[in-house]
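Here's the structure we're looking at; comments come further down.
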Amino acid sequence: MIKGLVNSIESFGSVDGPGVRFMFFMQGCNMRCAYCHNPETWAKELPDTSESMVITPEEGFKMASRYKAYWKKGGGITVSGGEAMLQMEWVTELFKICRKNGVTTALDTSGSPFDPDNAEYMKKFEEMFAVTDLFILDLKEYDDARHKKLTGCSNRNILALARYISDHGGKMWIRHVLVPGVTDQEDDLKALSDFIKSLHGVDRVEILPYHTLGVTKYEKLGIPYRLEGVPTPTDEQVRHAQEILHTEDYQGFRS
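So in numbering that gives the first Met the number 0, the last one in the sequence shown is 254, and the numbering has no gaps at all.
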């Protein structure tokens, strides 16, 4: 029996996919992004909180389906993290149940577990891909060296995931968190823009302004916060990044 480690849930998510979404935030992540606002999801073990739970896909769907009346205009279920692809078999089984019941699915992922050179992994991924209506892919940096400095991981396999989704008829929203002095380099944004233009199936591109709402969590967990003193971006900086990425060109599959 497959059981998933769920850090927390949100009953009425409105930004992570079309319409109103029931959100599962899965436990565990390989990345250590400097601006992450959910460091409590990093560990592969569940924290001892009232929100965390170990559940089967069937239990997860039953929990979410109580809110089905609110899933109008394309709403449904989104699985996020942490990194949901670390629990891919659980996600696959949940999404299969959703497909049988006419519920739309979205996977919010950094893409870091994607392993295109591993045949056994790809067989499992293809099974999940077949029942995923939308991938919400967080492209943190286009330059690999900058990506490693920011997250501790390479992005070569992440870009390969975007290309796979594009080549196999999947749908994507692409997000980029804008951190002044860290992820706002013009050359990197232009390279990212060119990459996105080369993809098929991109229905939305978003700039997410960096914020410091998670700083208190680092203090509580005793983890040094690497972006101490970094300001949030101005409206002008956000608009400039939006212009470089041509976010207005991607109008499909809106909430």
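In this text, a Cβ means the ideal position worked out from N, Cα and C, and glycines have one as well.
I76 places its beta carbon 7 Å or farther from that of D107.
When Cβ pairs closer than 8 Å are counted between the two stretches, the region 180-189 is seen not to touch the region 215-224, the count staying below three. Burial check for V90: the Cβ neighbour count within 10 Å reaches 16 or more, so the residue is buried. Counting only the Cα atoms, I222 lies some 31 Å from R20. Using a Cβ distance threshold of 7 Å, H175 and L138 count as a contacting pair.
Under DSSP, V229 shares a beta bridge with no residue. The criterion of a C-beta distance shorter than 7 Å is not satisfied by T231 and H199. In this structure, DSSP gives V19 a state outside helix and strand, which the three-state scheme calls coil.
With fewer than 16 other beta carbons inside 10 angstroms of its own, P46 counts as exposed. When secondary structure is reduced to three states using DSSP, M0 falls in the coil class, being assigned neither helix nor strand. For T55, the three-state secondary structure derived from DSSP is coil. It is roughly 31 Å from the alpha-carbon of T103 to the alpha-carbon of C152.
Under the 8 Å Cβ criterion, the region 108-128 counts as touching the region 15-31, having at least three qualifying pairs.
According to DSSP, residue pairing for R203 in a beta bridge involves W172. When DSSP reads this structure, E119 sits in no beta bridge, so it has no partner. If you draw a straight line from the Cα of P115 to the Cα of Y66, it is about 36 Å long. L198 is not bridged by DSSP to any residue. Only residues of its own chain outside the window of five on either side were considered, and among them I8, E9, G12, D15, T77 and S79 have a CB closer than 7 Å to the CB of M22, listed in chain order. In the DSSP assignment, F134 falls within the unbroken beta strand (DSSP E) covering L133 to D137. As a beta-bridge residue in DSSP terms, M25 pairs with V5. Judged by DSSP secondary structure, T103 falls within the beta strand (DSSP E) whose first and last residues are T103 to T108. Taking a C-beta distance under 7 Å as the contact criterion, T233 and V204 do not qualify as a contact pair.
By alpha-carbon distance to F94, the top candidate from S64, M121 and V237 is S64. Taking a C-beta distance under 7 Å as the contact criterion, E88 and I1 qualify as a contact pair.
By the Cβ neighbour-count rule, N6 is buried, with 16 or more other Cβ atoms within 10 Å of its own.
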